[in-house]
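Protein chains in written order, with full-length UniProt numbering: chain A, 1 to 177; chain B, 1 to 177; chain C, 1 to 177; chain D, 1 to 177. Don't be surprised by glycine CBs; every beta carbon is placed ideally from N, CA and C. If you're wondering where the values come from, they're calculated on a predicted model, not measured in any experiment. Taking it in order: structure first as structure tokens, then the write-up.
Protein chains: 4
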Amino acid sequence: MRADALRNRAKILAAAEEVFVESGADASTEEVARRAGVAIGTVFRHFPTKNDLLAAMMKELAARLARDAETLAAEGDPETAFFTFFTQAVEQAAGRKTVVELLGVDIEVGSQAQLLRAAIGTLLVNAQEVGAVRDDVRLDEVMALFTAAAHGALHAGWSRDLRARTLSIVFAGLRPF
Amino acid sequence: MRADALRNRAKILAAAEEVFVESGADASTEEVARRAGVAIGTVFRHFPTKNDLLAAMMKELAARLARDAETLAAEGDPETAFFTFFTQAVEQAAGRKTVVELLGVDIEVGSQAQLLRAAIGTLLVNAQEVGAVRDDVRLDEVMALFTAAAHGALHAGWSRDLRARTLSIVFAGLRPF
Amino acid sequence: MRADALRNRAKILAAAEEVFVESGADASTEEVARRAGVAIGTVFRHFPTKNDLLAAMMKELAARLARDAETLAAEGDPETAFFTFFTQAVEQAAGRKTVVELLGVDIEVGSQAQLLRAAIGTLLVNAQEVGAVRDDVRLDEVMALFTAAAHGALHAGWSRDLRARTLSIVFAGLRPF
Amino acid sequence: MRADALRNRAKILAAAEEVFVESGADASTEEVARRAGVAIGTVFRHFPTKNDLLAAMMKELAARLARDAETLAAEGDPETAFFTFFTQAVEQAAGRKTVVELLGVDIEVGSQAQLLRAAIGTLLVNAQEVGAVRDDVRLDEVMALFTAAAHGALHAGWSRDLRARTLSIVFAGLRPF
DNA sequence: GATGAATGAGAGTTCATTCAT
DNA sequence: TATGAATGAACTCTCATTCAT
């Protein structure tokens with residue numbers, strides 16, 4: 001792929017995130033093209049289907065989150081890592097939209113999502129090893145709570161304060177008694 | 001409004017719930033009309049806009065949930081009432097669609113939503129009075145968790161088992177230590 | 001169906017024949033709508049697919065030809081009937097286009113085409129009974145020659161004279177020695 | 001023109017015949033490029049327009065047919081030559097597509113078509129000289145029947161048997177009584 | 001009031017053609 | 001010269017909304 005094509009691909013993905021975040025997955029591909037400053041044909045050359053565009057966007061997001069998780073896991077103590085990641089991701093979701101709207105949709109996110117799941121899995125296990133999270137909590141529930149919280153932070157327009165209060169309840173539920 | 005008009009209004013609302021629950025908010029108004037056994041014009045006479053139809057549907061839902069909450073509050077012990085309502089509502093959400101998809105959307109649900117909020121508020125206060133829920137938990141967080149869980153039960157297609165496990169964490173977070 | 005809807009259906013079919021005759025099956029549905037004096041949505045309400053429109057047009061044509069064949073069969077002597085029909089149909093084709101372009105395409109013309117085939121079959125049998133056409137000629141070949149001639153009259157823009165000369169060769173081939 | 005450019009031109013023409021034969025004239029130029037193993041730009045450098053590409057292809061076809069006709073004329077007895085050519089060409093058409101679809105379209109085939117016409121003319125005259133074809137038959141009609149039959153063999157998907165039967169009628173019409 | 005046909009903007013997608021690399 | 005990315009008009013089809021019947 002040529003340099004300019006790569007640049008366009010990136011511009012389109014960025015625009016897609018912007019647009020879909022603002023208006024949900026129903027936003028038009030045309031709008032994405034406009035925002036990216038390319039013609040509509042260019043979008044479809046890179047992503048033959050609107051769905052492909054959404055999927056590519058999700059992959060990027062998942063990859064980004066996975067990287068964040070890995071970084072946190074590598075850095076500090078497990079307890080902080082786990083709860084920080086959870087909090088950060090929800091904070092980010094509060095400013096975005098589709099991001100979360102899609103984190104569970106039928107779109108094929110594929111391997112990238114596995115990576116994210118694995119990364120969160122690591123955070124969880126580490127946290128459990130130091131006794132920061134109950135042992136009977138499984139990754140499935142954590143992912144579920146994660147998605148739900150992110151989704152909520154967005155749709156209900158939770159205020160920063162409400163986000164904190166809601167998460168603190170979830171965190172209390174995850175901690176040993 | 002004439003008797004048959006009232007009947008039509010009801011038929012349309014019922015059909016709308018059916019259709020939107022099955023296929024999400026993108027389902028066509030035409031399909032609602034078909035399901036209701038009326039012509040498309042009739043739908044638009046009762047609800048001048050598709051959005052109006054969705055809003056009316058949500059009002060009904062909120063009212064129904066509020067009634068459920070009140071019934072539970074009147075019936076048994078506060079602890080059971082509170083957690084049962086929460087669980088039931090999420091279970092219902094798992095089988096429906098729009099219901100939740102809209103529980104936070106920009107649609108003006110209005111007074112009916114206030115009723116629901118009030119009803120849940122009662123459940124919460126009662127539960128707190130008997131020490132089943134921590135005192136520092138506020139209605140806002142409960143609503144937030146409620147919506148998020150309902151949303152999640154739906155989008156991620158949580159299995160019955162996962163729903164139970166996830167809620168049990170949330171409930172643990174709500175209970176006093 | 002309401003009276004005006006019926007009128008529109010007819011207008012659309014007429015326009016479709018006009019347009020497709022002029023420009024082949026690749027002409028745009030939009031052009032048909034314009035020519036019919038209706039909005040594009042109206043065309044698609046009557047014929048949910050472009051293919052449906054083409055098929056409906058073909059049905060009409062086949063029905064018309066079948067009627068012609070029946071009339072000729074009922075009227076005069078079998079020899080004249082058979083050769084006149086063949087000639088007339090080719091003459092008509094010379095002024096039309098898709099009409100013929102489609103007389104063998106994969107479009108489902110259905111029962112109407114059977115009718116046409118049956119009607120030509122009658123003409124053929126009658127002509128054979130009076131010894132105007134060789135007995136070993138079968139309907140299949142007649143249909144094949146018919147379609148081919150019609151097609152040719154059109155695509156190659158055969159002049160009236162060339163049409164006559166070409167058909168006279170075909171007719172000679174059909175007659176007993 | 002450089003050697004590699006010439007080679008590309010040939011590859012493109014070959015690919016074009018393949019592709020258009022398989023899928024009709026609506027096939028995309030992109031597909032031709034792919035099949036030829038060149039980039040789309042290269043196709044357009046050699047043939048500034050899709051139409052030009054089609055025309056060039058037709059020229060090739062006409063030339064090839066003309067060569068076939070000349071070979072047959074040089075080889076054996078005129079009667080066999082004439083009818084064999086006719087039959088062969090129709091047989092070929094049955095397996096191809098655009099080939100015929102275009103044999104009469106508005107594309108400028110030009111001089112090559114004249115060659116083909118001349119070659120068939122020779123076959124015809126020879127056949128008439130030995131009394132295998134009626135004297136009053138003119139080249140125009142022969143070309144007309146030829147095109148029509150080829151077209152038909154294709155569009156109507158005539159079976160091998162039907163092709164034979166249909167041509168036998170045409171041939172009977174061409175022969176003296 | 002109810003009907004359902006008509007409207008037309010807009011969506012996703014394709015493809016001949018151009019032009020920077 | 002070849003490449004292949006970009007363009008944008010055009011196409012089929014959908015659907016909320018209007019309005020004559």
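Distance CB(residue i)-CB(residue j) smaller than 9 Å
i                      : j               : result
E141 of chain B        : L154 of chain A : no
L61 of chain B         : I12 of chain B  : no
A27 of chain C         : A33 of chain C  : no
A66 of chain B         : L139 of chain B : no
T134 of chain D        : R160 of chain D : Rather than Thr, the amino acid found at residue 134 of chain D in this sequence is Arg. Contact flag unset, no.
A89 of chain B         : D68 of chain B  : yes
S168 of chain D        : G173 of chain C : yes
T166 of chain C        : A150 of chain C : no
F83 of chain B         : F177 of chain B : no
residue 181 of chain A : K59 of chain A  : No statement about residue 181 of chain A is possible, as the shown extent of chain A runs from 1 to 177 and does not include it.
Alpha-carbon spacing of residue i relative to residue j, whole angstroms
i               : j               : result
M57 of chain B  : F44 of chain B  : 14 Å
A144 of chain C : A16 of chain C  : 25 Å
T147 of chain A : G24 of chain B  : 19 Å
R2 of chain B   : G152 of chain A : 42 Å
A74 of chain C  : F86 of chain C  : 16 Å
V19 of chain B  : T42 of chain B  : 17 Å
E129 of chain B : E31 of chain A  : 53 Å
E101 of chain D : V21 of chain D  : Reliability of the predicted coordinates at E101 of chain D is poor, the pLDDT of 49 falling under 50, and the value obtained from them is presented with this limitation in mind. One C-alpha to the other measures close to 9 Å.
V105 of chain C : A63 of chain D  : Below a pLDDT of 50, predicted positions are generally treated as unreliable, and V105 of chain C, at 43, falls in that range; the measurement from the model is reported next regardless. Distance between the alpha carbons of V105 of chain C and A63 of chain D: 29 Å.
R7 of chain C   : H46 of chain C  : 11 Å
E70 of chain C  : V137 of chain C : 20 Å
R9 of chain C   : V125 of chain D : 53 Å
A164 of chain D : P48 of chain D  : 41 Å
T29 of chain D  : N51 of chain D  : 10 Å
A55 of chain B  : E91 of chain B  : 22 Å
W158 of chain A : W158 of chain B : 23 Å
A127 of chain D : G76 of chain C  : 39 Å
L72 of chain B  : D4 of chain B   : 34 Å
Rounded distance between the beta-carbons of residue j and residue i, thought under 8 Å
i                      : j               : result
residue 214 of chain D : A118 of chain D : It is not possible to answer for residue 214 of chain D, since the shown part of chain D is limited to 1 through 177.
L123 of chain D        : A81 of chain D  : 6 Å
Terminal residues of the alpha helix (DSSP H) in which residue i lies
i                      : result
D52 of chain B         : 50-75
residue 178 of chain C : The displayed coordinates of chain C run from 1 to 177. Any statement about residue 178 of chain C would go beyond what the structure contains.
residue 187 of chain A : Because chain A here runs from 1 to 177, residue 187 of chain A falls outside it and cannot be looked at.
R7 of chain A          : 3-23
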